[in-house]
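J.: Numbered per the numbering used here, the sequence shown spans residues 604 to 766.
The structure that follows is given in the form of structure tokens.
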Amino acid sequence: MIRVGILTASDKGSRGEREDRSGRLIEEAVQTIGGAMAAYKVVPDERDQIAAALREMTDDLGLDLIFTTGGTGFSPRDVTPEATLDVAERMVPGIAEAMRAESMKITPRAMLTRSVAAIRGRTLIVNLPGSPKAVQECLDIILPALPHGIEILKGEASECARR
Ligand SMILES: Nc1ncnc2c1ncn2[C@@H]1O[C@H](COP(=O)(O)OP(=O)(O)OP(=O)(O)O)[C@@H](O)[C@H]1O
Ligand SMILES: Nc1nc2c(c(=O)[nH]1)N[C@H]1C(S)=C(S)[C@@H](COP(=O)(O)O)O[C@H]1N2
604 MIRVGILTAS DKGSRGERED RSGRLIEEAV QTIGGAMAAY KVVPDERDQI
654 AAALREMTDD LGLDLIFTTG GTGFSPRDVT PEATLDVAER MVPGIAEAMR
704 AESMKITPRA MLTRSVAAIR GRTLIVNLPG SPKAVQECLD IILPALPHGI
754 EILKGEASEC ARR
């Protein structure tokens, strides 16, 4: 079982002005790879609050995988990638590269997400864009590859199967 944290960075969501459909979507999608939501938080687009929530989900809760949603674009308040870099120990560029490359086949605006993926301790952190449409598209692209990486992170698999 993969223990998943969902962190929604949204000013509107944190004020209770919008239902978090993106967070709900992530919760349902991770079940297809044996994931279960173990923590959920909505924070405003504030770098310190996002980084603090990421530290809590990694260091205190020891989750396997964290998806953030929102705050990856060009608005001055979009700081989720910067907050992720604040807590990152090792980068995983291929995940964001794959999301952008495959999403570009759907919309050229996919190049506008500044999302990053990184490892802290034994936790993989992946930024997703904010809209439910973008979240679904990005998860379709990356979810199949994640369980193997998480197994290795957890020390449950040492070799890469050639697939
Ligand atoms: N968590 C979410 N749940 C449902 N819809 C969302 C969510 N995040 C974004 N969206 C939708 O995607 C659109 C673009 O997202 P964007 O990140 O620009 O949000 P915003 O509403 O401008 O800002 P914020 O969510 O930070 O208050 C939004 O207008 C909204 O329709
Ligand atoms: N697959 C996919 N990626 C996408 C999109 C999309 O519709 N589908 N929208 C893009 C748009 S319009 C923006 S502005 C950026 C940043 O989104 P965010 O600010 O909500 O994080 O994600 C991009 N990535």
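Ideal Cβ placement from N, Cα and C applies to all residues, glycine included.
1. Which residues in the same chain as R717 place their Cβ atom closer than 6 Å to its Cβ, once the five residues preceding and following it in sequence are excluded?
2. Following the continuous beta strand (DSSP E) through K708, name the residue where it begins and the one where it ends.
3. If you count every other CB in all the chains shown that lies within 10 Å of the CB of M660, and 16 or more means buried, which is it?
4. Roughly how many angstroms lie between the CA atoms of R693 and I728, to the nearest whole one?
5. Can you give me the start and stop residues for the alpha helix (DSSP H) that I636 sits inside?
6. To the nearest angstrom, how far is it from the Cα of T710 to the Cα of R621?
7. Can you list, in chain order, the residues of its chain whose CB lies under 8 Å from that of G637, leaving out five sequence neighbours each side?
8. Assuming V645 and I653 are in contact, meaning their beta carbons sit under 8 Å apart, how far apart are those beta carbons, in whole angstroms?
9. Do A701 and V719 have their C-beta atoms within less than 9 Å of each other?
10. Ordered along the chain, which non-local residues of its own chain (more than five positions away) have a Cβ less than 7 Å from that of K615?
11. Please find out if some non-hydrogen atom of ligand 2 comes closer than 8 Å to the beta-carbon of K615.
12. Which first and last residues belong to the beta strand (DSSP E) in which L610 is found?
13. Taking DSSP as the reference, what is the three-state secondary structure of K757?
14. Please work out which residues of its chain come closer than 6 Å, Cβ to Cβ, to D667, disregarding the five sequence neighbours upstream and downstream, and give them in chain order.
15. Is it buried or exposed for A612, if we count other Cβ within 10 angstroms and need 16 for buried?
16. Cα separation between A655 and A704?
T.: In brief:
1. Counted from its first residue, the sequence shown places residue 717 at position 114. These residues qualify, in order along the chain: T675 and P684.
2. Numbered from its first residue, the sequence shown carries residue 708 at position 105. Careful: K708 lies outside any beta strand (DSSP E) and carries neither H nor E.
3. Position 57 of the sequence shown, counted from the first residue, corresponds to residue 660. It is buried - the Cβ of M660 has at least 16 other Cβ atoms within 10 Å.
4. The residue you call residue 693 lines up with position 90 of the sequence shown. The residue you call residue 728 lines up with position 125 of the sequence shown. Using only the alpha carbons, I get a separation of about 10 Å.
5. Position 33 of the sequence shown holds residue 636. Premise fails: I636 is in no alpha helix (DSSP H) and is neither H nor E.
6. Taking the sequence shown and counting its residues from 1, one reaches residue 710 at position 107. Taking the sequence shown and counting its residues from 1, one reaches residue 621 at position 18. Taking the straight line from one Cα to the other gives about 25 Å.
7. Against the sequence shown, residue 637 aligns to sequence position 34. Closer than 8 Å at the Cβ level, and outside the excluded window around G637, lie M604, I605 and P750.
8. Working through the sequence shown from its first residue, we reach residue 645 at position 42. Working through the sequence shown from its first residue, we reach residue 653 at position 50. Going by Cβ atoms, the distance from V645 to I653 rounds to 11 Å, so no, they are not a contact pair.
9. Here residue 701 refers to the residue found at position 98 when the sequence shown is read from its first residue. Here residue 719 refers to the residue found at position 116 when the sequence shown is read from its first residue. No, the pair does not count as a contact, with Cβ atoms beyond the cut-off.
10. Numbered from its first residue, the sequence shown carries residue 615 at position 12. Excluding positions up to five away in sequence, the list reads R621.
11. By one-based count along the sequence shown, residue 615 stands at place 12. In this structure, the C-beta of K615 stays at least 8 Å away from each heavy atom of ligand 2.
12. One-based indexing of the sequence shown puts residue 610 at position 7. Looking at the DSSP string, the run of the beta strand (DSSP E) that includes L610 is I605 to A612.
13. For the purposes of this step, residue 757 is taken as the residue at position 154 of the sequence shown. Coil.
14. Looking up residue 667 in the sequence shown gives position 64. Only I605, R606 and I753 meet the Cβ criterion.
15. Translated into the one-based positions of the sequence shown, residue 612 becomes position 9. Per the 10 Å Cβ criterion, buried.
16. For the purposes of this step, residue 655 is identified with residue 52 of the sequence shown, where counting begins at 1. For the purposes of this step, residue 704 is identified with residue 101 of the sequence shown, where counting begins at 1. C-alpha separation (whole angstroms): 30 Å.
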